[in-house]
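Protein chains in written order, with UniProt numbering: chain A, 1 to 427; chain B, 1 to 427; chain C, 1 to 427; chain D, 1 to 427. Even for Gly, the Cβ is constructed at its ideal location relative to N, Cα and C. Since the structure is predicted, the reported quantities are computational estimates derived from the model, not experimental observations. First up is the structure itself, then whatever we jot down about it.
Laid out in structure tokens, this is it:
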């Protein structure tokens, strides 16, 4: 059924691309202490020997280090993209040159080619799947159910993918165990607070050449992303206003010294608006009508529905590119409201956007790697369906990172363990 | 069996005491916006009419406002202390003068009198109990099981009390429903992070007349209390070092920019050590041996076992009161290690210690008040045993506080509720 | 003319007092690394041999360490108080027992006794004077001009004293050189930013039992004191509002993320008001009229004129002590405005106030000590009049503190010195 | 002598360029509230009528707004670049199209053309000069002394230019008054603390795709730039280490809670090194030898001499571009030290570098504009030579910015002015 050829068949001058891709991978690896440590162990112990891993993920430098790590662990790995526009061809070629790795990812393919590449991965008859958006696991269930018996398990990276898998699971149609890597405490904390917090702010600064000091920054949503954005913006001397709908989160923000306002009031005061709610219509017509000339509107939440661009377009008498990555909407009264990155995730979609910092993906991919190892070692202990990542694996990755960074910490004595246990569970 | 007389029988010049107690209560009330709001509602609606509430709590100004609030809600309230040394006689007398309140609490009573006072409360035949340490509920189960049938439920304030109740519950010996007020998200966050964080630091500063700027402050434990202490100390320009045993918490502290060290290394660097672990033997002989001359040792955790004073005494060639609330332990080599408040909770036990700030107790007692109302309104829906405070009550208290502080925040539109719901629960 | 006897003649049980005073001094010394280091040098080198030092300062533990340091440096020291109410008799007695020190300071003396004690100090025929408020230097000029010829110089601790000396100087009536210790960069920075910042906040917290988290704190004045108070309050999770009259300072506060408002608007928003301007009538009738019920009013500036208490009294229908150190002014509409420490310096005048932290005074008294040494060594190079503390002495104290704290830092190579010099002064 | 033609003669398709340049200028103007306000006044009052202004500055969007403002004030303006590589041709063409402005700046010209363009500006016979590096004022003195009589004065933007002018002044060879715009408190504070602080960090993050959270960031130098970098890095949850040579600055950093270390020790601990000293050889061979694999080395000081690249090259066995803007130096033991932007100013020289944020230049150019107005109005009151910007002008720009941002602040009453004055100057 599939005859899609590995990436090298699709690109010119693969050797030059390979070198460039390798250089990018080397940079990433240099700053991924967790995967550095895991690959050393994997290389020494080959825990994945005999497994075939089918992957559909964004093929760029950071992910490539995960792919290479799995191959070094003894697995045969076949990989393709999970989005036709996110592949870096140079990295794809460099990956394909790694022993035991075949890459089918090519940038800019059409729908047919995209699925042909997935089919080519499936042709390898994976025993484990690793997804970013659940395309691979979905395709296998739909088109290749005969393979499921030999699949031990898989892992899914994203909220969206986990959402899709849970829906399958609820319908009784997910037929092997999948780890929801997205939901671990480690990932949520570091990815959201630090990753989104930092990268949203630097993407906005670099897209606009504007400063944070003295700006009123309105942060919509005070979940993990919102807390990160608020704290990092305050750390750059911005005056932060928080908008929330949940009273305890609103109170938490208030007790941490932030101004808490409804968006209808914040709209009049803000210089920069950053949405992080995961909901739609967070900023709408009634808010646009009150905003000052020159405000920036950016989304660091999830989809491009948080800022209602239809409302904004309705109000605008003119819209034009004010700067790369910035579209100005001019109101009848002359005010200009500037939307960054079309209201899509600003740290990814802005022209200067690099996505999450390397270290944040190291954390997340470290969990992926130990999950794959867990599937190999104990996969038969997990029933078909979506599984939380076991606490011990999340903790192990924290331990690896601390060791890699040379951070030492205390252990408990037996007496202390007993004391805590007697205390918690009754005498 | 009990013939213990109300507090006025035990004190001289009750009228002068009453005025002084009332002044203290008025100060507290002025800064308890949640209870202010609840008492207005209670006064208007009298939701507790017909109930008798038996309470054993620290009888001081803040608690007194809770007692008064319950009485204003229509209940008859009988109260005594939960610790012979924590009663303020002036407040006890002022409480006793409140309509529908009888107070038996007297400072400095002996064991016999202490229990006689509890018995006197029980003589009122409470339909609801409110405890700080579970003494009341325990006594009723042990000595007055015949009353249990008419008791609708109760609430317990502290970790220790909840621990005791869970043990009873596990043995099948807790015969009416009890709310574990201690464990709500609101209480944990505000009480531990803000309450302990702030009051531990100001108690240390005022006990020692020393400054935080430029000091190396070692915080043992990075739970809610530890986070509060670390953040507030950094906010006073201290250089904070964190000691932890759980790798994810250690990593969290590291990622927030703190130095993370084992105590054996931190011992050499610290100027001030603050324990917040809830465990024992956090600072022991091997650490004392390495500390610098003049260090401060304080506990903001729970019991006085975190700093091992036996080890310290063994090492000391001399010990003397260096200052009110500070005991110096002099080592053979001349170094002086200064223990604050005998290693007991420094924000309570230091001579200047005032316990938690008024606003923190307002939060906690606000939850108590709505729990009591819940018991009256829906008590029959709860089985005997320990219950978490329902999320909705915790949330209601947050709403009351935001309203009282004049903080407005957003609501969700129907479309937004639907969007989130479709997203979270599958399409 | 003077026959005032040393302190021991005025107190009961001097030996018990001496022990108590010594204990206080030992605590201070333990936390004064700068004076520890200077006294070691002074003891070894006796640079003050042959001098007689006459001092009028607050006789409490921290100052006592300075007095003792000067005596250890070889000087004969005679000391008395600079305010009849600030003397600690126990410290005064302990000081008097130090070799080469005579103390005349007694708490609670009347005017006549106060000046008699100063005269007794002058009877020692000082060759150097050290003042806190210029009483000693003023008395000598007025009553004992014959002594001036043998006086090499002096040092003055406070703003007020320096102000008085400059007035004398301008009138050509200051007849020996005086160092204005108050004005050094080191003193201003550490004393004002850290000392006032920290101690004002902890004094307010401990006087009121209230919390900072989530409070709106209005800081009037954004000089060094105001910056310290603002930064430390924000560090305790308060929401800080700054009021200023100088546009560049107002802009500085704005650019650092604070809300900047005129007092007329801040009055409506604040929960706590802290004045640090050094000016009068910063908070007046028009502001009191707008404030919320329960606000706190405190002064961390200089005199008790920043908050206009006459205006407040005019508006009040009742005033009463709401708590030790807190006077409530009740308005006709029931609002209560709470003034701390009678509007005097809250970190000193509040009942719990301990003044500046020990380390801050160590810095300040370290400069005093090297100034006295400078007078001995190079006094003849200074003309009569007020002198800034030479930059090198200020720097020396910084070096001593860094060495005492074990903080190492870099030096410049010869090439670097040359590079900077060529750059700054032209090629 | 000069026959260099205005910019349009040198570029293709000037109309398309003009539109693009105008778009860039509009973006800048939208975020320059100070110049917005000044140009309104200038347009209304035409204070510069009759003057001819000769300028040599970086011709990019932000500067262009200053040029346009001066033209709107009634002056005829001739402008060229101050560096052949910093001109944006689109902006130059857009400027040239502004009424009363002639632009000669073209990117990438050779030396001869560069000076011919300056000559063309001089051909306009300026009565006022505005420089960035003093090229214009220097050329006039050297080649066209006959023009000096009709020149009223000038302004210089940079440290380097002021340095050059002071050297001329000391030699008695600066023959008209020049304002040293670089040195005002406003510029130093906002430009260095906020401008350099923010832009250095975001340039580093965007060049490397790395994160700040949990990183050890070594800041060399604790002047205004160093303070800005340290504070903003801590605000992104980095662990900051400060290196200093001046003991009082070292102590200031220590008292603010930073680790202070000599570079020889910091070298072992740092993940990122940022130099801000203005000196040379801040990081040298002995430091490189101790650094960890993967460290980042960046300069936010002045020249590219702070990090000794010769030493680094000597030690390296290989050097290669690891990433755009990052050169890796590989040591014999395999460690890779990554130098950003060739050790030149990272916020300018990195490929993603945008220089200072718009608002920072608004501040600086606002001072330029009021200085030019001052020259016109009161130029004859200034003698030939370098002049500090009068305090009142610096203050005026702060007032304009506060008004533009809608920030209100207090004024002093007459009584307050009198009180302060009596206090400061003696009664």
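What would DSSP say about residue i, mapped onto helix, strand or coil?
i: residue 274 of chain C; result: strand
i: residue 125 of chain D; result: coil
i: residue 190 of chain D; result: helix
i: residue 55 of chain A; result: strand
i: residue 48 of chain B; result: coil
i: residue 314 of chain B; result: helix
i: residue 376 of chain B; result: helix
Would a check of beta-carbon distances place residue i closer than 7 angstroms to chain D?
i: residue 169 of chain C; result: no
i: residue 248 of chain C; result: yes
i: residue 237 of chain B; result: yes
i: residue 357 of chain A; result: yes
Report yes or no: is there a C-beta of chain B within less than 7 angstroms of the C-beta of residue i?
i: residue 10 of chain C; result: no
i: residue 200 of chain A; result: no
i: residue 205 of chain D; result: no
Counting only beta-carbon atoms, is residue i nearer than 7 angstroms to chain C?
i: residue 213 of chain A; result: yes
i: residue 256 of chain A; result: yes
i: residue 31 of chain B; result: yes
i: residue 142 of chain D; result: no
Please determine, among the options, the residue with the shortest C-alpha to C-alpha distance to residue i.
i: residue 76 of chain C; options: C/235, C/147, C/124 and C/32; result: C/124
i: residue 193 of chain B; options: B/205, B/107 and B/231; result: B/231
i: residue 419 of chain A; options: B/282, B/416, B/406 and B/331; result: B/282
i: residue 396 of chain B; options: B/416, B/173, B/370 and B/82; result: B/370
i: residue 429 of chain B; options: B/182, B/56 and B/327; result: Not covered by the structure: residue 429 of chain B. The range shown for chain B is 1 to 427.
i: residue 156 of chain D; options: D/145, D/184 and D/149; result: D/184
i: residue 205 of chain C; options: C/62, C/296, C/89 and C/122; result: C/296
Looking at the unbroken beta strand (DSSP E) that takes in residue i, where does it start and where does it end?
i: residue 354 of chain A; result: It is not in any beta strand (DSSP E) - residue 354 of chain A carries neither H nor E in the DSSP assignment.
i: residue 154 of chain D; result: 153 to 156
Just curious, the alpha helix (DSSP H) that residue i is in, first and last residue?
i: residue 397 of chain C; result: 391 to 404
i: residue 14 of chain A; result: 14 to 30
i: residue 206 of chain C; result: 197 to 208
i: residue 347 of chain C; result: 346 to 349
i: residue 250 of chain C; result: 247 to 255
Is the CB of residue i under 7 angstroms away from at least one CB in chain A?
i: residue 209 of chain D; result: yes
i: residue 354 of chain D; result: yes
Select from the stretch 265 to 296 of chain D all residues with a C-beta closer than 9 angstroms to any C-beta belonging to chain B, and list them in chain order.
none
Scan the stretch 220 to 244 of chain C for residues whose Cβ lies nearer than 8 angstroms to a Cβ of chain A and list them as they occur along the chain.
Within the stretch 220 to 244 of chain C, the qualifying residues are 234, 237, 238, 239 and 240.
Determine which residues of the stretch 175 to 195 of chain B have a Cβ less than 8 angstroms from any Cβ of chain A, and write them out in chain order.
185, 186, 189, 190 and 194
Taking a Cβ distance cut-off of 9 angstroms, strictly less, list which residues of the stretch 320 to 341 of chain B are near chain C, in chain order.
320, 321, 322, 323, 326, 328, 336 and 338
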